[in-house]
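*Asks:*
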Amino acid sequence: MTNESIVVVDCLHTALKLFSRSGVKVSKIFPFISACAVSADGGKDRLFGLPFVRSAHKNCRVKAVGGGEPIISGTVIPPQESARGQLAKTRKNPKPSVAVIDTGVALHPDLSLFRSRIAAFKDFVAAAEIPYDDNGHGTAVTGVLCGCDRFSGLNKRNTAVSVVALKALDAGGEGNAFGILQAMQWVYDNAQKYSIKVVNMSFGCAEKEGAALRIGAEALVKSGLTVVASAGNGGEEEGILSPATSPFVITVGGADGFKAADFSARGRNAKNKPDLIAQAVDLPALTPSGGYTFVSGTSV
34 MTNESIVVVD CLHTALKLFS RSGVKVSKIF PFISACAVSA DGGKDRLFGL PFVRSAHKNC
94 RVKAVGGGEP IISGTVIPPQ ESARGQLAKT RKNPKPSVAV IDTGVALHPD LSLFRSRIAA
154 FKDFVAAAEI PYDDNGHGTA VTGVLCGCDR FSGLNKRNTA VSVVALKALD AGGEGNAFGI
214 LQAMQWVYDN AQKYSIKVVN MSFGCAEKEG AALRIGAEAL VKSGLTVVAS AGNGGEEEGI
274 LSPATSPFVI TVGGADGFKA ADFSARGRNA KNKPDLIAQA VDLPALTPSG GYTFVSGTSV
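Plus 33 on top of the position in the sequence shown (first one is 1) and you've got this note's numbering.
#1: Only counting the same chain, and skipping five residues up and downstream in sequence, which positions put a Cβ closer than 7 Å to that of N209?
#2: Does A193 pass the burial test, meaning 16 or more other C-beta atoms within 10 Å, or should it be called exposed?
#3: Pairs of beta-carbons, one from the region 260-272 and one from the region 219-227, closer than 8 Å: are there three or more?
#4: Quick one: Cα of D315 to Cα of K292, how far?
#5: Within the region 211-268, note down every full alpha helix (DSSP H) run reaching 4 residues or more, in order along the chain.
#6: Residue range of the beta strand (DSSP E) that T284 falls in?
#7: How big is the Cα-Cα spacing for V71 and T175?
#8: Looking at the unbroken beta strand (DSSP E) that takes in K91, where does it start and where does it end?
#9: Could you check what DSSP says for S275 in three-state terms: helix, strand or coil?
#10: Near I62, what residues of its chain come up, given a Cβ to Cβ distance below 6 Å and the 5 sequence neighbours on each side ignored?
#11: DSSP three-state label for V98, please.
#12: Quick check: F236 and V133, are their CB atoms within less than 8 Å of each other?
#13: Out of curiosity, what's the CA-to-CA distance linking D167 and S322?
#14: Report the rounded CA-to-CA distance for S55 versus L49, giving the unit in angstroms.
#15: Please classify G82 as buried or exposed, where buried requires at least 16 neighbouring CB atoms within 10 angstroms.
#16: Within 10 angstroms of its Cβ, does N305 collect 16 or more other Cβ (buried), or is it exposed?
#17: From T284 to D156, what distance separates their C-alpha atoms?
#18: Using the three-state DSSP reduction, which class does L316 fall into: helix, strand or coil?
#19: Return the chain-ordered list of same chain residues with a C-beta closer than 8 Å to the C-beta of L80, the five sequence neighbours on each side being excluded.
#20: Closest by CA to S256, which one among A264, G272, V232 and E240?
#21: Within 10 angstroms of its Cβ, does T278 collect 16 or more other Cβ (buried), or is it exposed?
Shown next as structure tokens:
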């Protein structure tokens, strides 16, 4: 039986040499947490028998908070080649940035016209170079974060920041721990280059499967970044999702007016979580097709 796992080791350089001698295949490495993605006959039991292995974790499935289904319907407008110039111009003099690990971001007028607020885009799903979002979740989150509402007549948002959009979730709003850790590694490596101060994680998986996500999020915090994570939309029954269960991240639940929303996850499985709640019902957001909509959930 062959299983894929995320293995945290004492010394990554030594582990890579010993894995090759032991018949363990390494597909990805995550130096920021001294870990790698591996597959081995016998699964985690065999890996735990190796003396240099600290822990081994499942390559869990990860979903955008909101069920993983596209929250925006309609045709995604292909990005224009002119976007390359917009991104390059922003890179020369970046504002403080928020890294959004999600389904990507569309070149909506409220984000890209006149002065682009998209400082960088990295695609871990299809390796595209120009920003896009084939689901809509990431664009909605980014719009709530820093859309200028230039054409909608709605209230202006925080236009003083730029966004680094990291696409680690697919068209269905899903991904896995391998992809999320790749995005986290990229943030770790490029935080100074793009003046990244905050990392937004509006995704999660069940706590018992999400140890690798927590380890990655905590490594970013230790590097000096602020990590903000959605509590989840499963109420008290589902509990807080990982990585939001980590005591080192800011876990945000949802408010409906002056009370916690019924859907907002709370700390049945994580004491004193969420850390705060914010308005999460019918917030104006952007769509990939260039329009506007209203969204609800702890993602926003």
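For every residue, glycine included, the Cβ atom is placed at its ideal position computed from N, Cα and C. Computed from a predicted model, the values in this text were never measured in an experiment.
*Replies:* Reading off the structure:
#1: N92, C93, R94 and V95
#2: exposed
#3: no
#4: Rounded to whole angstroms, the gap between the alpha carbons of D315 and K292 is 15 Å.
#5: 244-255
#6: Where T284 is concerned, the enclosing beta strand (DSSP E) stretches over I283 to D289.
#7: Cα-Cα distance, rounded: 33 Å.
#8: V86 to K91
#9: strand
#10: C69
#11: coil
#12: no
#13: 10 Å
#14: 10 Å
#15: exposed
#16: exposed
#17: 25 Å
#18: strand
#19: S38, V40, V57, V71, A73, V86 and A89
#20: V232
#21: Buried.
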